[in-house]
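Here's the structure we're looking at; comments come further down.
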Amino acid sequence: MLPQEIIKKKRDGTPLAAAEIDAFIRGLTAGEVTEGQAAAFAMATYFKGMTPDETVALTLAMRDSGKTLCWQHLDGPVLDKHSTGGIGDKVSLILAPLIAAIGGYVPMISGRGPATPAAPSTSSTASPANTRVALERLQEVVAEGGCAIVGQTAELAPADGRLYAIRDVTATVDIRPLIVASILSKKLAAGLGALVMDVKVGSGAFLPSIEEARRLAADLVAVAEGAGLPCRAVLTDMNRCLGHTAGNALEVREAIDFLTGRKREQRLATVTLTLAARLAELGGLADSADAALLMLQRALDDGSAAERFQRMVATLGGPADLLDQPERHLAAAPLRRPAALDVEGFVQRIDVRALGLAIIELGGGRTRPEDAIDHRVGLSDVLGLGDRVDKDRPFAIVHAADEADAARAIDRLCAAVTVGAEPPSSAMSPIVEGAAAS
Ligand code: URA
């Protein structure tokens with residue numbers, strides 16, 4: 543089957559057979575399909591779309607392009623959560639040890655790709671643990687402590703890595719079937735028994751509109767199930783920063799404070815516990831989401847989730863006292879400057895995407911894949927919708943490497959926030975849709 547014939551068929555709007563998609567992806571993996579052909583295929587998909595069957599076939603072909611993990615030796619379900627990315631999203635750092643503490647196993651491999659303003663930083667790989675590990679080590683760490691959060695590996699679904707790199711430079715990232723197949727091929731290769739998807743909605747989300755987010759959620763669930771992976775999606779609000787912090791080490795610190803009970807921001811708690819309860823129920827760890835919630839709350843309160851987090855960090859080569867002495871191990875930025883607005887009132891609207899851009903400009907995210915990330919920088923004490931601002935209450939504290947970076951971030955933040963005399967009449971609840979069992 544010639545690649546150009548497969549591309550032509552897609553271009554002309556005829557659905558491809560599974561064997562054709564499989565041949566194209568095999569060719570891509572082997573280096574026989576050229577970059578130009580892969581880009582043409584992606585662009586043809588942009589214009590003609592894919593049927594659910596085609597998307598399942600693409601997902602399975604990309605899954606089979608590399609190794610797949612097998613977990614038969616474990617005594618509990620293998621589960622994972624994936625987020626479409628959002629500002630301040632440190633849910634993974636809390637959810638993985640929580641699920642481990644109630645009997646699940648979580649091999650969490652963080653997302654790929656260059657930073658986008660929707661997800662400028664990967665706090666999940668910012669802890670002082672070694673997150674670049676071989677798959678064998680990942681399996682050992684998960685078996686030992688119940689969870690491991692590690693960086694992307696080229697060993698799982700390498701065809702997705704190749705296609706994504708080409709999509710990234712050919713304006714073909716934001717194509718739903720390709721996004722779905724990209725996310726799910728890696729999850730299937732990781733050998734999961736169930737998956738919960740956190741699909742973000744709002745000004746800081748990859749897909750800001752609720753209709754687009756709903757369509758993505760529905761496709762993810764349908765294609766995952768079509769490929770044999772039980773999956774549920776929850777739509778969560780991204781019209782404000784999730785929690786109080788955004789930026790790598792600051793988010794790790796917030797997750798530690800959450801797990802140890804020092805500080806738990808309510809919306810972060812709601813999102814994390816809702817996703818974890820859906821996952822626990824889907825994976826058979828609890829009979830209902832309510833029963834799961836009770837188990838999860840107990841694991842937070844009795845310290846067992848915190849203990850799982852500490853064990854994961856230590857087993858991955860990080861410090862054994864990270865939870866007790868986070869300030870010893872998490873690097874701090876040299877400067878902290880308040881982003882004070884020159885008006886008084888209530889936060890009415892936040893352009894959350896601009897917060898992401900501010901973090902990237904501070905050095906906390908990448909503009910090119912090869913860029914280094916400054917884990918120290920970011921935002922803390924970030925306010926939400928309806929919070930009061932005045933000269934003593936800044937919108938956020940900027941953590942920066944130098945004065946010029948701090949000033950630029952402050953300008954961006956001030957322009958991103960709309961303040962009014964009254965609180966906004968309605969604020970979106972942290973869970974937008976999908977919390978109930980279906
Ligand atoms: N994340 C992925 O892993 N793949 C995509 O295509 C988009 C987001």
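Count the sequence shown with the numbering used here and you get residues 543 to 980, in order. Positions of the beta carbon are idealized from the N, C-alpha and C atoms, including for glycine.
- Taken atom to atom, the span from the alpha-carbon of residue 727 to that of residue 908 is near 24 Å.
- Between residue 784 and residue 743, the C-beta spacing is not below 8 Å.
- Pairwise C-beta distances place the stretch 792 to 807 out of contact with the stretch 609 to 629, as fewer than three of them are shorter than 8 Å.
- A straight line joining the alpha-carbon of residue 787 with that of residue 590 spans about 40 Å.
- For residue 651, the CB stays at least 7 Å from every heavy atom of the ligand URA.
- Secondary structure of residue 867 (DSSP, three-state): coil.
- Rounded to the nearest angstrom, the Cβ distance from residue 842 to residue 852 is 14 Å, too far for a contact under 8 Å.
- For the 8 Å CB-CB criterion, residue 906 and residue 893 do not form a contact.
- Taking 8 Å as the cut-off, the Cβ atoms of residue 870 and residue 942 do not count as close.
- By a beta-carbon distance limit of 8 Å, residue 713 does not contact residue 608. Their separation comes to about 26 Å.
- As summarised for the stretch 804 to 885, the continuous alpha helix (DSSP H) elements at least 4 residues long and confined to that stretch are 808 to 824, 831 to 843, 846 to 857 and 868 to 871, given in chain order.
- If you ignore the 5 residues before and after residue 704, its C-beta comes within less than 8 Å of the C-beta of 570, 571 and 580, all in its own chain and listed in chain order.
- The criterion of a C-beta distance shorter than 8 Å is not satisfied by residue 635 and residue 818.
- Residue 694 and residue 675 have their C-alpha atoms roughly 9 Å apart.
- Annotation: the continuous alpha helix (DSSP H) that includes residue 724 extends over 718 to 731.
- Set against 7 Å, the gap from the CB of residue 715 to the closest heavy atom of the ligand URA is smaller.
- Considering only 838, 547, 734 and 936, the residue with the shortest C-alpha distance to residue 813 is 838.
- With respect to the 8 Å criterion, residue 747 and residue 759 are not classified as neighbours on the basis of their beta carbons.
- Taken in chain order, the whole alpha helix (DSSP H) runs of length 4 or more contained in the stretch 888 to 921 are 894 to 901.
- Taking non-hydrogen atoms of the ligand URA into account, the C-beta of residue 724 is found less than 7 Å away from one of them.
- In the three-state reduction of the DSSP assignment, residue 699 falls in the coil class, being assigned neither a helical nor a strand state.
- Close CB contacts of residue 882 within its chain, under the 7 Å cut and outside five residues either way in sequence, are with 933 and 936 (chain order).
- Of the other Cβ atoms in all chains shown, 16 or more fall within 10 Å of the Cβ of residue 822; this residue is therefore buried.
- In this structure, the ligand URA has no non-hydrogen atom nearer than 7 Å to the beta-carbon of residue 817.
- Listed in chain order, the non-local C-beta contacts of residue 555 below 8 Å within the same chain comprise 590, local neighbours out to five positions each way being set aside.
- Taking a contact as a CB-CB distance under 8 Å, the pair residue 594 and residue 764 counts as one, their CB atoms being some 6 Å apart.
- Apart from sequence neighbours up to five positions away, the residues of its chain that approach residue 733 with a beta-carbon distance below 8 Å are 610, 611, 612, 613, 620 and 649, ordered along the chain.
- As a beta-bridge residue in DSSP terms, residue 973 pairs with 778.
- Residue pairing from DSSP leaves residue 956 without any beta-bridge partner.
- Boundaries of the alpha helix (DSSP H) around residue 598: 594 to 605.
- Less than 8 Å separates the beta-carbon of residue 940 from that of residue 951.
- Of the residues assessed, residue 807 falls on the buried side of the cut-off, its CB having 16 or more other CB atoms within 10 angstroms.
- Looking at the backbone, the Cα of residue 888 and that of residue 930 are separated by about 4 Å.
- Residues 645, 646 and 647 of the same chain have their beta carbon placed closer than 7 Å to that of residue 618, with the five preceding and five following residues left out of the count.
- Exposure of residue 886 is indicated by the presence of fewer than 16 other C-beta atoms within 10 angstroms of its C-beta.
- Relative to residue 553, the option among 576, 584 and 922 whose CA is nearest is 584.
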